[in-house]
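Heads up, the thing below is written out as structure tokens.
Numbering (our numbering), first residue to last: 332 to 479.
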């Protein structure tokens, strides 16, 4: 038997369950890739940011690329992998939840839109035919396998 949790949510939280992980990902989705610019934007201690980057790289959510500015030593920039890009919908869902249930008096800090048209989008459940399904109609069905 593996020590790995059977629950996908629990396995995901082993990597993403610390608040800084999502905030780091938010910054990378916004186009920031360098340690110093992400640290400055978030106001996070360098040891905490280093630990977040290490975990996210080891988990395959981020990858590094070497860059060097004139007169400086080579450094690493951080970029989303396919796994990391798949978290865009998770960040969108968290933002959508926060805008609805923890709204700011001044309104949302960002809106999600279709790049080509500017039309707003929201996160939802989509069936295999592409139709949106109300959350109240969605049920999680467990897949308990005895003996594994």
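A virtual CB, placed ideally from N, CA and C, is assigned to each residue, including glycine.
Here residue 453 has 427 as same chain residues with Cβ atoms under 7 Å from its own Cβ, once five neighbours each way along the sequence are excluded.
Excluding residues up to 5 positions away in sequence, 392 and 393 lie with their Cβ nearer than 6 Å to the Cβ of residue 415 in the same chain. Judged by their CB atoms, residue 352 and residue 380 are not nearer to each other than the 8 Å cut-off.
Comparing alpha-carbon positions, the option among 360, 455 and 464 lying closest to residue 413 turns out to be 360. Of all alpha-carbon atoms in 420, 398, 339 and 433, the one lying nearest the alpha-carbon of residue 366 is that of 398. Shown here for residue 463: same chain residues with a beta carbon closer than 8 Å to its own, the five before and five after excluded, namely 455, 456 and 457 in chain order.
Ranked by Cα distance from residue 409, the options 432, 346 and 358 are led by 358. Listed in chain order, the alpha helix (DSSP H) runs fully inside the region 378 to 450 are 413 to 416 and 419 to 432, counting runs of at least 4 residues. In its own chain, leaving out the 5 sequence neighbours on each side, no residue places its CB closer than 7 Å to the CB of residue 434. Counting of Cβ neighbours within 10 angstroms places residue 469 among the exposed residues, the total staying below 16. Looking at 411, 337 and 451, the one whose alpha-carbon comes closest to that of residue 363 is 411.
Within the model, the alpha-carbon separation for residue 424 versus residue 400 is close to 36 Å.
In the DSSP secondary-structure assignment, residue 457 is bridged to 463.
Per the coordinates, the alpha-carbon of residue 374 lies some 44 Å from the alpha-carbon of residue 460. When the alpha-carbon of residue 471 is set against those of 340, 450, 429 and 384, the nearest one is in 340.
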